[in-house]
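Engineer: Supplied in C-alpha cells, the structure appears directly below.
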Amino acid sequence: MKLPLSYYSAQDVLFLAQDLLGKVLFTEINGEITAGIIVETEAYNGIYDKASHAYGGKRTDRTETLYSHGGISYVYLCYGIHHLFNVVTSVEDEPHAVLVRAIEPLIGTEIMENRRNMPASKAAISSGPGSAAKALGIDRSFNKKDLTGNEIWIEDHGIQYPSEDIVTGPRIGVAYAQEDALLPWRFFVKGNKYVSKPNII
DNA sequence: CACTTGATGTTCT
DNA sequence: GAACATCAAGTGA
Numbered sequence: 586m587k588l589p590l591s592y593y594s595a596q597d598v599l600f601l602a603q604d605l606l607g608k609v610l611f612t613e614i615n616g617e618i619t620a621g622i623i624v625e626t627e628a629y630n631g632i633y634d635k636a637s638h639a640y641g642g643k644r645t646d647r648t649e650t651l652y653s654h655g656g657i658s659y660v661y662l663c664y665g666i667h668h669l670f671n672v673v674t675s676v677e678d679e680p681h682a683v684l685v686r687a688i689e690p691l692i693g694t695e696i697m698e699n700r701r702n703m704p705a706s707k708a709a710i711s712s713g714p715g716s717a718a719k720a721l722g723i724d725r726s727f728n729k730k731d732l733t734g735n736e737i738w739i740e741d742h743g744i745q746y747p748s749e750d751i752v753t754g755p756r757i758g759v760a761y762a763q764e765d766a767l768l769p770w771r772f773f774v775k776g777n778k779y780v781s782k783p784n785i786i
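Count the first sequence with my numbering and you get residues 586 to 786, in order.
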C-alpha cells in the first residue's frame, strides 16, 4: 500500500503531480495518525522553472533538500508563518518537486480539528498548502524525511478520479515567474470542496 | 461577496 | 530593506 521508493524516481514531474491526486498522505506524530486524500498539487520543474526555488541550479541550505533523490519531503517556511509540504521527485541533482496544495481529511479528523481550531466541515481546514500542512501537523522538522519511513508517508488506496474530473490550470501565487507563471502545472480534482482558489474550469 | 491587513523566516540586493 | 509557492480575521456593501 505504501508507495515504494521507485514511484518517486520518475523523472516526469508533471505526470507525478497528476498521479498523486487521489493518493493518501499520512503523518504519525506522538502516536497520533492523521491522513488526507491529495486533491490539489503543483509541479515545480527543477532548474528550468522560474517559479522553482532551484531555478538556474540555485543551491542554498534551504534548497539543498531538492537536490536529493526522489522520495523525500521538502518542507519550508513561507511568508515566515506557513509550512509548505513538497514531495521531492526524480533522481539526485534533478531538483524536481510536487507541492501538495490541498487534502481531503480522511483519518484522524478530530486531531486535525484541534490543530486547526475549526470544524472539519469547513473546507478551509485543509484547503491551501499552509492549511493542509498544518492539519497534518507538518512543520520544518519534517524536512528531508524519507517518505517510505514511519513518520510521513503516502499510500495508494486505489482512489482514481475520472480523467474528465482532473483539471489543470496555471499555478497559484507565482506571478513573479513571468512566462513560467502561465504554465498549466497545477492539477486539482474538479468540484472537490477542499481545493483552494478557483475550483471550477 | 470582494477587498484589506497583519503575522514574519529565508534569501537576495 | 524588500520580496516571497499564505492564511484568517476584519471591513464594507
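Even glycine gets a Cβ: it sits at the ideal position worked out from N, Cα and C.
Could you tell me the distance, in whole angstroms, from the CA atom of A705 to the CA atom of E695?
Structural biologist: Straight-line Cα distance between these residues: approximately 8 angstroms.
Engineer: Contact between the segment 755 to 762 and the segment 605 to 612: three or more CB pairs below 8 angstroms?
Structural biologist: Judged by Cβ distances under 8 angstroms, the segment 755 to 762 makes no contact with the segment 605 to 612, as fewer than three pairs qualify.
Engineer: For the beta strand (DSSP E) that contains V683, what are its first and last residues?
Structural biologist: Run containing V683: H681 to I692, per the beta strand (DSSP E) assignment.
Engineer: Would you be able to state if there are at least three C-beta pairs under 8 angstroms between the segment 652 to 664 and the segment 708 to 728?
Structural biologist: Segments in contact, yes.
Engineer: How should L767 be labelled, buried or exposed, when 16 other C-beta atoms within 10 angstroms of its C-beta is the threshold for buried?
Structural biologist: Burial call: exposed.
Engineer: List the DSSP bridge partners of G621.
Structural biologist: G621 is bridged to L610 and P690.
Engineer: Check the DSSP bridge columns for T650 and list the partner residues they point to.
Structural biologist: Paired residue(s): none; T650 is not in a bridge.
Engineer: Residues in its own chain within less than 7 angstroms of K635 by CB, not counting five upstream and five downstream?
Structural biologist: Excluding positions up to five away in sequence, the list reads A762, Q763 and D765.
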